[in-house]
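Step one of this worksheet: look at the structure below.
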Amino acid sequence: MPYCITLRSRTDARITGWYAGRSCLWSTDHTRQKRFDDPHDASTVCHELRSLCPRNAKVINIELTDQNLEPE
Numbered sequence: 004m005p006y007c008i009t010l011r012s013r014t015d016a017r018i019t020g021w022y023a024g025r026s027c028l029w030s031t032d033h034t035r036q037k038r039f040d041d042p043h044d045a046s047t048v049c050h051e052l053r054s055l056c057p058r059n060a061k062v063i064n065i066e067l068t069d070q071n072l073e074p075e
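Each residue of the sequence shown is one higher than the one before, starting from 4 at the first, in this note's numbering.
This is how it looks when you write it as structure tokens:
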């Protein structure tokens, strides 16, 4: 099952961005999201993003991409 890394709003928990890769990090376009087949790989990147953005660490999450095919 493919996974992605999301950034959610602190106020209403809707997705505000997706991890799009090392060159641009975040994108608001869900079609640019980087997909991970291995949850361990997603976890490694997610941990790195949380370290880079400690203020947003609680709203950076790993989620199934099937749930995120359509923007909210």
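Quick reminder that beta carbons are idealized off the backbone N, C-alpha and C, glycines included. Note that this is a predicted model, so its numbers are computed, not measured.
Tell me, which residues are paired with residue i by DSSP?
i: residue 11; result: 18
i: residue 66; result: 7
i: residue 28; result: 24
Which residues in the same chain have their Cβ closer than 6 Å to the Cβ of residue i, if we skip the five residues on either side of it in sequence?
i: residue 22; result: 8, 37
i: residue 60; result: 53
Thinking residue i and residue j are a contact (beta carbons under 8 Å), I'd like their distance in whole angstroms, please.
i: residue 5; j: residue 47; result: Wrong, their Cβ atoms sit about 16 Å apart, outside the cutoff.
i: residue 65; j: residue 45; result: 5 Å
By Cβ distance, which residues of its chain are closer than 8 Å to residue i, with the 5 residues on each side in sequence left out?
i: residue 52; result: 8, 22, 28, 63
i: residue 42; result: 6, 65
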